[in-house]
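Everything on this sheet refers to the single structure shown next.
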């Protein structure tokens, strides 16, 4: 077969905990990663597999095989396997009941390939047109045959099936084609889809044929092909390891990570390049030469890391990879994109792909194809056999392009050097950038990267740096300024830097230091490697401008994308304009307005009680002050914890048209927050998601996810805009919003900066607050401190509640000396019942403990858990419970939260467990389509069915239905939770969901939404990640905390600990005290981000504080967002910095040694003194108090002092010189006197 037509193969395999060796998993119940494949999720028999854990497949009685075998779950087994296959329709369709089961013989070290995409009608048509496959859709079933045969996505007619199956197998060449085995999901890392697990050569490809039929021949009845084609690969197991390819030792890495918490398994994964994503999606798919090269380079990089951790013959593996890469360069040839480039000649009419395939046999190794192409179009060389016949007009178009549009012709030739799709080629060809793209082909990557047809950096790089033999045979055109003799060509360095900065933006950074760029450059799967360091960035600063801004500050050289230069300017300009407006005094008695709102529904007794409650009066006072601030400022932020009354305050503000005007926009980043904001302010019609608002004004592209922020053009008719959950805004989102609003519009940003930073670039909410406070615009910062919560005994101050106290430890704010009281809670929680602590060790114990905890919460036995769970989710109380419309509001009754999705103990794992222990009977009934076919069949990998709690996974429009208003347009937001409710009719078609945020409305999801080859819009929602829960509130939450997780941060824990209204269960691995270290700035995800929205970043290198694991690494944090002492300690307030620096001076003089927050038992409770000081033979303790004007704070401090007294420690004073407890104070009435502190320390220790 001609080199240009040879393809490689990607094969999806399910995760296996013992290396795909032809056994059942060692612990099947813990393997939830394999359930990402729908077939396995539907058919896996957990009790059977657990009973036969570790057994060889051939030893299973009766030849029963687990469903993973069909999905290549034993592809490394050294023994052949007989795989039973059944035509799916034959088990229930009278039109197919004559089709008999058969057996496919799987060779040792093999499996089956099933080209699912090629068997779908729509993609099959495109493929058939491109490469001339004998596909005829007129042969497909027609009425009066059943609808499931006529209107289906899949090919039904046997000859069409045969044609596509053979066409798929044809370009797969034994001993030449590579096989890339990848897993849909693994337990090594969260959200890391499709990592490569092994690479081999194709040894043998088998044949496919029709199923056998009853009576022998089909006899005019329906026929069908067996889709499963057997294959064998080159990998072989020896005593020394694997030969004939590479097997990545992921299972061994997981084992090591269980005992060594410093190992992050995800660091060792290998992935195909993002631009090849579609080649690793469909179970079995073709892989082109360029993608194969990039994937092998990624595997090579992974092996180099693995070699430092796991012993093995890794040098041999690298040698094998290098040999394959060299062969791939030969196979790839100089013009892998010839077909796509030629298709630009006459889009939609000329099949360039078919032409290129037909031309390939006449081309020699590394031959420039264009002379022959030109001869063919000129008529001096015959059209290749199998190529489309050229029309006279097409010949004229080619000549016109060559002679009249030489720049376009050069671009067409340049495009042929790259593995681009027809769509990518056409998108580049139809721009006015032909000359620029030929001059510097990296511009195609740079200009397309945020479009619907992005061309990857690796695609361009491989086409230019493709080896000396190609370069000699077909040199780049003279106009091209990229010097491929230099791996550090400036154009290449710029493109690589852009790629690195884009990846950094996805991780939250809007700029990067030169050192960070250099480190990340080494991980790019490019050959030769890209050499970038600080000196390089300095030298190329002018060449990189304007695409990348390279600047120097006190921390060294930094690089920033021009996009974030622009977002910064848009935001700063908008803020400056609003801050330049003099504060307005509207002469409104805000306290009276607030009282009127709060007392509107109160009777006389309630009013008297509120008037006599000092805390309530203080809360109203601060709200009235905040209202005055919001009303007087054109830009303001409103900060406050849950229960502080932010939305009540906003409602009062919005009731004053003379302040807010007539055109109100209430916005929120999520659908959940949008609904809550609209409902609580009484303005549901004004509330929209930010995406909906920006889409209306064309500032957000839903296809690409890109935001725009032009400085000119019309603005929205808005007088006041309020954005809730503003901590979730990225810089691009805020810039797009400000670009849309008129400069006269009042902007109020509402949120809690202590929660998780946004998913995306920047932390604009936090940066804006810091800017306003640093620039003395404190009048624009309205803070609510007093939070009230409803309890059985009535409304109380939130900071007296144990769950709120625990959350405050992770708030990143100044904590008083008594605030550590909560850390000493007994393991069974507090007496109020609001906080319950449950310890676990292994993942198996976690599952058991979770079931027990759910039973305790619902006050039932484990046997009655299923019934209790259904009632908690809104089912009727009938003997046969129903989930009717109205159940959706119960979806937020309770929620399991976990940091992870895919790893053990993650949401996927726990959802499966809840389904198994608390929904098993319902699932069984749904599988049988029982109860008069009332229940929809289970769908998707999660087997979602009637009564399940689900979560929406993406923002998208979808029709909604209500009894009153029938079917109409609707919209669903990522993170909305709901309940699958009933559908009338005997054979339900849709999975209907009522979401908690949209009561009375149902949204239908068809079977196609849950295809194994798409990303389903829903998944089970009993357990969700903490990120998904941001912006939500639940009556009860169950928080799962693993002992080791890269995802744990201070903000993540604070967010998780503030989602409940009534009760919080914490299921913690190991002692709960071990998680308290995350309250330190060292674990701040917000401070770790590098941004320059208002000030130049000042990064401080921080070494791991005491108590961190031995493997903890140093980090860099933003100085303005942390409290770092001169000695390098991280403390919780500016006052503590002053004290620590005083002690540091004395320590430098050899007068004392001190430790910050060294644990000590006080009165039988573990506490953390602010400072423990060793001076001579004495040990002193120093506590600093800053909020003694707050009653609850004072009460906790008094209890801590009593603990000191119980240990024989009293407060030092001139009258008590033997006291060894130093207590200092500051607060609203008296600031910190650093001189007095200096004098006190000198008096005691100098």
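Numbering (my numbering), first residue to last: 1045 to 2290. The beta carbon of each residue, even a glycine, is placed where N, CA and C say it ideally should be. Just so we're clear, the structure is a prediction, and the values are computed from it rather than from any experiment.
| Query | Result |
| --- | --- |
| Those residues which DSSP pairs with residue 1826 across a bridge | 1682 |
| Alpha-carbon to alpha-carbon, residue 1286 and residue 1549 | 39 Å |
| Cα-Cα separation between residue 1218 and residue 1212, rounded to whole angstroms | 14 Å |
| Contact check, residue 2126 vs residue 1811, beta carbons under 8 Å | no |
| Spatially closest choice to residue 1770 from 1794, 1925, 2197, by CA coordinates | 1794 |
| Span of the beta strand (DSSP E) around residue 2113 | 2104–2113 |
| Contact belief for residue 1784 with residue 1743 at Cβ below 8 Å, rounded distance in angstroms | 5 Å |
| Residue 1766 - partner residues in DSSP beta bridges | 1710, 1792 |
| Nearest to residue 1807 (by Cα), restricted to the options 2165, 2115, 2046 | 2165 |
| Separation of residue 1521 from residue 1531, as counted between CA atoms | 18 Å |
| Three-state secondary structure assigned by DSSP to residue 1474 | coil |
| Continuous alpha helix (DSSP H) stretch holding residue 1846: start and end | 1846–1852 |
| Cut-off 7 Å between Cβ atoms - residues of its own chain near residue 1707, not counting five sequence neighbours on either side | 1761, 1762, 1763 |
| Stretch-stretch touch, CB-based, cutoff 8 Å, three pairs: the stretch 1333–1345 with the stretch 1268–1278 | no |
| Coarse secondary structure for residue 1744, derived from DSSP in three states | strand |
| Counted within 10 angstroms of its Cβ, other Cβ atoms place residue 2075 as buried (16 or more) or exposed | buried |
| Beta-carbon proximity list for residue 1446, same chain, < 8 Å, skipping 5 on both sides | 1418, 1453 |
| Three-pair Cβ contact test at 8 Å for the stretch 1431–1448 versus the stretch 1380–1398 | yes |
| Alpha-carbon spacing of residue 1637 relative to residue 2231, whole angstroms | 30 Å |
| Reduced DSSP secondary structure (H/G/I, E/B, other) of residue 1691 | helix |
| CB of residue 1132 within 8 Å of CB of residue 1209, strictly | no |
| CB contact flag (residue 1456, residue 1481, <8 Å) | no |
| Beta-carbon spacing of residue 1124, residue 1248 below 8 Å | no |
| Beta-carbon proximity check, residue 1105 vs residue 1066, cutoff 8 Å | no |
| Identified DSSP bridge partners for residue 1724 | In the DSSP output, where bridge partners are listed per residue, residue 1724 has none listed. |
| C-alpha distance - residue 1137 paired with residue 1165, whole-angstrom precision | 21 Å |
| Beta-bridge pairing of residue 1841 - partner residues as DSSP gives them | 1832 |
| Euclidean distance between Cα positions of residue 1092 and residue 1112 | 13 Å |
| For residue 1825, the nearest candidate out of 1843, 1797, 1845, 1655 (CA to CA) | 1797 |
| Span separating the alpha-carbon of residue 1709 from that of residue 1757 | 19 Å |
| Alpha carbon of residue 1063 to alpha carbon of residue 1100, nearest angstrom | 13 Å |
| Simplified DSSP assignment, three categories, for residue 1870 | Because the pLDDT at residue 1870 is just 45, under 50, the model does not fix this residue reliably, and the value given afterwards should be weighed accordingly. In the structure shown, residue 1870 sits in coil (DSSP, three-state: anything other than H, G, I, E or B). |
| The ligand FMN heavy atom lying under 7 Å from the CB of residue 2020 | With respect to the ligand FMN, the structure shown offers nothing to examine, as it has no ligands at all. |
| Segment contact flag, the stretch 1560–1569 with the stretch 2137–2152, C-beta cutoff 8 Å, min 3 pairs | no |
| Proximity winner among 1789, 1501, 1412, relative to residue 1618 (alpha-carbon distances) | 1789 |
| Beta-carbon separation (whole angstroms), residue 2062 vs residue 1997, contact threshold 8 Å | 7 Å |
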